[in-house]
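Residues 86 to 800 (the numbering used here) make up the sequence shown, in order.
From the three backbone atoms N, C-alpha and C, an ideal C-beta is built for every residue, glycine too.
A quick note: this is a predicted structure, and the numbers were derived from the prediction, not measured.
Presented below is the structure to which this report refers.
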Amino acid sequence: MESVALLSKHTIVITNTKLVHQCTLHETIRVKSGAWDENGVFIYTTLNHVKYCLPNGDSGIIRTLEVPIYITKVSGNTLFCLDRDGKNKTIVIDVTEYIFKLSLLRKRYDHVMSMIRNSQLCGEAMIAYLQQKGFPEVALHFVKDEKTRFNLALESGNIQIAVASAKEIDDKDHWYRLGVEALRQGNAGIVEYAYQRTKNFERLSFLYLVNGNLEKLSKMLKIAEVKNDVMGQFHNALYLGDIQERVKILENAGHLPLAYITASVHGLQDVAERLAAELGDDIPPFPEGKEPSLLIPPTPVTCGGDWPLLRVMKGIFDGGLDSIGRGAADEEEGEEGDWGEDLDVVDVDGIQNGDVSVNFEDAEVAEGSEEEGGWDLEDLELPPEADTPKVSGNARSIFVAPTPGMPVSQIWVQKSSLAAEHAAAGNFDTAMRLLSRQLGIRNFSPLKSLFLDLHTGSHSYLRAFSSAPVVSLAVERGWSESAIPNVRCPPALVFNFSQLDEKLKAGYKATTAGKFTEALRLFLSILHTIPLIVVESRREVDEVKELIIIAKEYVLGLQMELKRREMKDNPVRQQELAAYFTHCNLQLPHLRLALLNAMTVCYKAKNMATAGNFARRLLETNPTNENQAKTARQVLQAAERNMTDASQLNYDFRNPFVTCGATYVPIYRGQKDVSCPYCTSRFVPSQEGQLCTVCDLALVGADASGLLCSASQIR
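Laid out in structure tokens, this is it:
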């Protein structure tokens, strides 16, 4: 015994011998008794029913009871029990229903077919059960109602039975549903037949267009003309690319300007001149600078016929149940009929000796000789040693396409949590979700070209031959000829950390040369590329995070300097922005230039005290350029003689602060602020929820888990 049934007042719990739960059954009437039969089905009684419970929890009624009984044993179709007087009784029960369901559950389809042939299984409950459990093709054999058969045939994909039922029903809605299913299967012939039965001429015309059946499309044009369907005529003429017919239709419909334009654009000068004479002064003008082109539908890939499908072997229910009531000999004789349909595979496992002679060729020759005389072939008298080996019955095989493997891009996505590798696999949606969760990024427009570069850079394409599509090959990182087969490496990425190092040096060089717009572009490019970088070690992860801070400081400083140069009519704001620039974390040569710039701006504006502060800070850096040092000393001497400021600035160098990346105002220590989850730029609280103006990627104040750019961070 593999299972145990635990009975309570209204509940039956089925478990295995280790009390691992399998299913629970609830009854509204009190459970009286129960026992297991030899098939592993639990038979139990309530006050007025004998019921069964399958291992998966399905239950049903076997029979009703006049008086309560208490089961002691179940053997076959005999139930042994006690009545309320304590007397032994035997009751014969019909086990067909639950044995049938159990065979379906355990996939013993040979028993299922045998029971269908020999039993009277029917009823709406059985049909609903088979449909619910995914066996509509079996349910078909219990149904006589044509509407129900039609629904089951569509559900199981049996298009031939669906056609037969639709003919019997002959309802417009059923023909429409048949056309939809046939179109899904690519059976163009039945789609055409369904549309013809419903007189759905618009869909029929479009079907002929897709199939490239121009001959029938021309017939549809004539039908629309007979029916006086102007729109149908015009659509069919448009599908055919028939310009003369389109002009004729427009002219007959009274649309002379449209007819004139159509004729003129397509070079029908005679017709255009005749229409121009009729229009007189109402000739419509042509748009200037436009090149007309002939609209002709493209040639379809396959012209006419059904869509090609893989040939596969029949399932056990696809043909074996159709011959119920016939003898075995009839089944074998009928196997070679109707070549145009599916191919039945001869099963020789049950034949004794396992080696049979297949004489289909002889049968075909004999059949043909009755009709036309055949080839007049005569038997040859060959010596016994020349007998050829007999053909084995299992020689009739059929090719079944192998199951396609998982695409490499899907393997990359399943094995990685790095946004760059998802983008390389072409799964941009999950890459964006990862970046949004890890870095709070909401604006992906600057990353679009990077995503495309990653995807195209991780794939190579080979052309097989002209009529076949190109073959896509995944380019893997770290692949070598000694790599283990069937073990996929991560995708090769077009961006790496060394490239960012080169961009950083170029940005430093542009900043030193005063090319602030070029420098800003380079530092922003670094910030936009870092989310799609993958490194190997923890040390490199720290270097990437440090690079984010460096690029952020330069982007903020350069943005303020470019803003300062635009505000020539506001000297106070110019001085403030120059002062804030000196508090960015810059390289020492650039800091000296920023201090020299701020000192010059403030000195010219007569803010001597502030200029003296910048001069003092510049001298503390020990400038190597003697001219810078000399200028700073002179400004400092002038400031010490007159420690005053001509204008009040929003700047206190004694109080540590950071600069807001959006408003460019100081946020002093102790004041509330919010930060960008990616580049860590600081902002005043009013900027929360806005797009970061420094990195142009993340939302200010958004929740984020942090940068993930290495597999070492996941281990």
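Helix, strand or coil at ASN236 [DSSP, three-state]: helix
Residue range of the beta strand (DSSP E) that includes PRO751: Where PRO751 is concerned, the enclosing beta strand (DSSP E) stretches over 751-753.
Beta-carbon proximity list for TRP564, same chain, < 6 Å, skipping 5 on both sides: CYS574
Reduced DSSP secondary structure (H/G/I, E/B, other) of PHE165: DSSP places PHE165 in strand when its eight states are reduced to three.
Residue(s) in a DSSP beta bridge with LEU784: Bridge partners of LEU784: LEU776.
Sub-9 Å separation of LEU585 and ILE611 beta-carbons: Yes, the pair counts as a contact, with Cβ atoms nearer than the cut-off.
Stretch-stretch touch, CB-based, cutoff 8 Å, three pairs: the segment 710-719 with the segment 628-648: no
Beta-carbon contacts of ALA690 that lie in its chain and below 7 Å, excluding the five residues immediately before and after: PRO656, GLN660, ALA731 and SER732
DSSP three-state assignment for GLN107, whether helix, strand or coil: strand
3-residue-minimum beta strand (DSSP E) runs that sit fully inside the segment 91-135, ordered along the chain: 96-101, 106-111, 116-121 and 127-131
Where PRO489 falls, given that 16 or more other Cβ within 10 Å makes a residue buried: exposed
For LEU503 and LEU793, the rounded distance between their alpha carbons: 7 Å
Where ASP514 sits in the DSSP three-state scheme: helix
Beta bridge counterpart(s) of ALA559 as assigned by DSSP: HIS544
Among PHE536, VAL572 and SER551, nearest to VAL809 - alpha-carbon criterion: Nothing can be reported for residue 809: it is not among the residues displayed for the chain, which extend from 86 to 800.
Unbroken stretches of the alpha helix (DSSP H), 4 residues or longer, contained in the segment 637-708: The segment 637-708 contains these whole alpha helix (DSSP H) runs: 656-666, 673-689 and 693-705.
Contact under 9 Å by Cβ, PHE582 with GLU625: yes
Boundaries (first-last residue) of the alpha helix (DSSP H) holding SER290: 286-296
LYS533 versus ASN236 - alpha carbon distance: Spanning the two alpha carbons is a distance of roughly 47 Å.
For GLY317, the first and last residue of its enclosing beta strand (DSSP E): From DSSP, GLY317 is part of no beta strand (DSSP E) but of the alpha helix (DSSP H) over 315-325.
Secondary structure of PRO762, DSSP reduced to three states: coil
VAL619, DSSP secondary structure in three states: coil
Status (buried if at least 16 other CB within 10 Å, exposed otherwise) for PHE768: buried
Boundaries (first-last residue) of the beta strand (DSSP E) holding GLY365: From DSSP, GLY365 is part of no beta strand (DSSP E); its letter is neither H nor E.
Nearest candidate by alpha-carbon position, reference PRO382, set ILE368, VAL315, PHE291 and LYS312: PHE291
Whole-angstrom distance between PRO770 and ASN740, CA atom to CA atom: 20 Å
Extent of the continuous beta strand (DSSP E) run through GLY145: 144-149
Local conformation of ILE526 per DSSP, three classes: strand
Straight-line Cα distance separating ILE526 from LEU632: 18 Å
ALA591 versus ASP514: straight-line alpha-carbon distance, rounded: 33 Å
ARG562 and ALA577 closer than 9 Å at C-beta: Yes; because the gap between Cβ atoms is below 9 Å, this pair is in contact.
Residue range of the beta strand (DSSP E) that includes THR157: 155-160
For LEU289 and ASP366, the rounded distance between their alpha carbons: For ASP366 and LEU289, the gap between their C-alpha atoms comes out near 42 Å.
Cα-Cα separation between ALA598 and VAL555, rounded to whole angstroms: Answer to the nearest angstrom: the Cα atoms are 48 Å apart.
Strand pairing of PRO576, partner residues [DSSP]: GLU561
ARG66, DSSP secondary structure in three states: There is simply no residue 66 to check, as the chain begins at 86 and stops at 800 in what is shown.
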